[in-house]
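Chemist: Sharing a structure, written as structure tokens. Questions coming.
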Amino acid sequence: MALKKELWDIPFNEAFFKTSHNSYEHSIREQLNKGVRGLEYDIHDDKIQELGDFEVYHLQNHIDSLLNEDGNPYDLLLFNWLKVLDDWSNDQNKEHSPITLFVELKDSLIDSNNQPEEKYGIKKLNKIILDSINSKTLFTFKDFRKHNYKWPTVRELRGRILIVLVSYWGGYWAADQGGFDSRLKYLERSLEGKDDVCFVSWVQEDKGDKANFLKKKSYFWKCSLEYSTENFSQNSEAQRVTRADYDNIVWGMHIETYYNKNYRNGYRCNFPATDMWRTEEYDSCFPWTI
Numbered sequence: 043m044a045l046k047k048e049l050w051d052i053p054f055n056e057a058f059f060k061t062s063h064n065s066y067e068h069s070i071r072e073q074l075n076k077g078v079r080g081l082e083y084d085i086h087d088d089k090i091q092e093l094g095d096f097e098v099y100h101l102q103n104h105i106d107s108l109l110n111e112d113g114n115p116y117d118l119l120l121f122n123w124l125k126v127l128d129d130w131s132n133d134q135n136k137e138h139s140p141i142t143l144f145v146e147l148k149d150s151l152i153d154s155n156n157q158p159e160e161k162y163g164i165k166k167l168n169k170i171i172l173d174s175i176n177s178k179t180l181f182t183f184k185d186f187r188k189h190n191y192k193w194p195t196v197r198e199l200r201g202r203i204l205i206v207l208v209s210y211w212g213g214y215w216a217a218d219q220g221g222f223d224s225r226l227k228y229l230e231r232s233l234e235g236k237d238d239v240c241f242v243s244w245v246q247e248d249k250g251d252k253a254n255f256l257k258k259k260s261y262f263w264k265c266s267l268e269y270s271t272e273n274f275s276q277n278s279e280a281q282r283v284t285r286a287d288y289d290n291i292v293w294g295m296h297i298e299t300y301y302n303k304n305y306r307n308g309y310r311c312n313f314p315a316t317d318m319w320r321t322e323e324y325d326s327c328f329p330w331t332i
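Residue numbers (the working numbering): 43 to 332.
Structure below.
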């Protein structure tokens, strides 16, 4: 997706990126070809001890994952879904604006199903990522630390892929508190320089005494539409990159009016995520940059 010259020099945390929800339901290559730069994979560990890998899907019957079509993998293995991103990036000769993948933990990375950790848990997730995506393509938390915790420009992130861990505290469709505990542990270890491949997102629904630690130490924020203006000043000052769920576009809310009103008041959402990423309605809702 060609960019105007000046857009390449916007800091990553100030740019807007077209973003899809449950990206595995459609062709990943099609989305990337059409300018989507924010993607989402849901991962499960139900068969990790059998398969040695996480699986990408939302519903238990897996019918929501588009397999073996238009460049998508033949199976649900996370390794292969990550490889699609790396292969597409290589096909573009790295001449593309950065891709940000939000990995939603539908299960815990640190429960009994993931012992020993080196083989099944956090370290396994790191290994799968590093084995599937070229290390020079990834922009990791370690790279961010070397950049003195300041976001590079879009130009400086040309051809790179960032991976962000998210989850919910609860809900029948989402992970239980294990997803929260996994993000918390991953972030703690990242700050110690131990597990610093992925970024970790603070989620608006996070609860408990330790939620504030995630909020203060995370550089990504995942929220829903109704929370999109809360804590904006604090997040902006912290250079925290924001992903908001804009599924209400489907439900007929006046998103354009709502968003533009808040935009004039200073609010910025870097990744407005929706199932409606293909539509003209979505394109007309936001003051796009990237």
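Ideal Cβ placement from N, Cα and C applies to all residues, glycine included. These numbers were taken from a predicted model, which means no experiment stands behind them.
In three-state terms, what does DSSP make of LEU124?
Modeler: helix
Chemist: Around the C-beta of GLN246, are 16 or more other C-beta atoms found within 10 angstroms, so that it is buried, or is it exposed?
Modeler: buried
Chemist: Quick check: what's the CA-CA separation for ASP88 versus GLU198?
Modeler: 38 Å
Chemist: When you compare only the Cα positions, how much space is there between VAL283 and SER107?
Modeler: A direct Cα-Cα distance of roughly 27 Å separates VAL283 from SER107.
Chemist: Checking 8 Å against the spacing of the C-beta atoms, do TYR288 and THR321 come in under that value?
Modeler: no
Chemist: Less than 8 Å between the C-beta atoms of LEU229 and SER278, yes or no?
Modeler: It is not a contact, given that the beta carbons lie outside the stated cut-off.
Chemist: As a quick exercise: from TRP50, LYS60, SER224, pick the residue whose alpha carbon is nearest that of GLU323.
Modeler: Out of TRP50, LYS60, SER224, LYS60 has the C-alpha closest to the C-alpha of GLU323.
Chemist: Measuring alpha carbon to alpha carbon, tell me which of LYS236, LYS76, TRP50, HIS68 ends up nearest ARG187.
Modeler: LYS236
Chemist: Taking the C-alpha atoms as reference points, what is the distance between LYS161 and LYS257?
Modeler: 29 Å
Chemist: Which of the three DSSP states is assigned to LEU93 in this structure?
Modeler: helix
Chemist: Can you give me the C-alpha to C-alpha distance between ASN190 and LYS184, rounded to a whole angstrom?
Modeler: 10 Å
Chemist: Of all the beta strand (DSSP E) runs that stay within the bounds of the stretch 47-96, which reach a length of 3 or more residues?
Modeler: 80-86
Chemist: Along the beta strand (DSSP E) that carries PHE181, what are the first and last residues, could you check?
Modeler: Per DSSP, PHE181 belongs to no beta strand (DSSP E) and is neither H nor E.
Chemist: Taking DSSP as the reference, what is the three-state secondary structure of LEU253?
Modeler: According to the sequence shown, residue 253 is Ala rather than Leu. ALA253 falls in the helix class under three-state DSSP.
Chemist: Okay, do the stretch 171-179 and the stretch 124-135 touch, 3+ Cβ pairs below 8 Å being the bar?
Modeler: yes
Chemist: Considering just the uninterrupted stretch of the alpha helix (DSSP H) at LEU167, what are its terminal residues?
Modeler: First-last of the alpha helix (DSSP H) with LEU167: 164-174.
Chemist: From this set, ILE164, TRP123, GLY77, SER232, which residue's C-alpha is nearest TYR99's C-alpha?
Modeler: TRP123
Chemist: Determine, for ASP238, whether the minimum Cβ-Cβ distance to residues of chain C falls below 8 Å.
Modeler: Given the protein chain composition of this structure (a single chain), no chain C is represented.
Chemist: Can you give me the C-alpha to C-alpha distance between LYS47 and GLU111, rounded to a whole angstrom?
Modeler: 34 Å
Chemist: Check ASP223 in the structure and name its three-state DSSP category.
Modeler: helix
Chemist: Give me, in chain order, the residues of the same chain whose beta-carbon lies closer than 8 Å to that of ASP238; leave out the 5 immediate sequence neighbours on both sides.
Modeler: THR182, PHE183, LYS184, ARG187, ARG231, SER232
Chemist: Is it right to say LEU118 is buried, meaning 16 or more other beta carbons lie within 10 angstroms of its own, or is it exposed?
Modeler: buried
Chemist: Going by alpha carbons, who is nearest to TRP50 out of LYS252, ARG200, PHE255, SER69?
Modeler: ARG200
Chemist: What does the alpha-carbon distance come out to for the pair GLY220 and LEU180?
Modeler: 26 Å
Chemist: Please report the straight-line C-alpha distance between ILE52 and ASP223, rounded to a whole angstrom.
Modeler: Between ILE52 and ASP223, the C-alpha separation is close to 34 Å.
Chemist: DSSP three-state label for LEU232, please.
Modeler: Here residue 232 turns out to be Ser, not Leu, going by the sequence shown. Helix.
Chemist: What three-state label does DSSP hand ARG187 in the structure shown?
Modeler: helix
Chemist: Checking the sheet assignment: what are the DSSP bridge partners for VAL98?
Modeler: Beta-bridge pairing links VAL98 to ILE85.
Chemist: From which residue to which residue does the alpha helix (DSSP H) around ASP287 run?
Modeler: Where ASP287 is concerned, there is no enclosing alpha helix (DSSP H), although the beta strand (DSSP E) it sits in stretches over 283-287.
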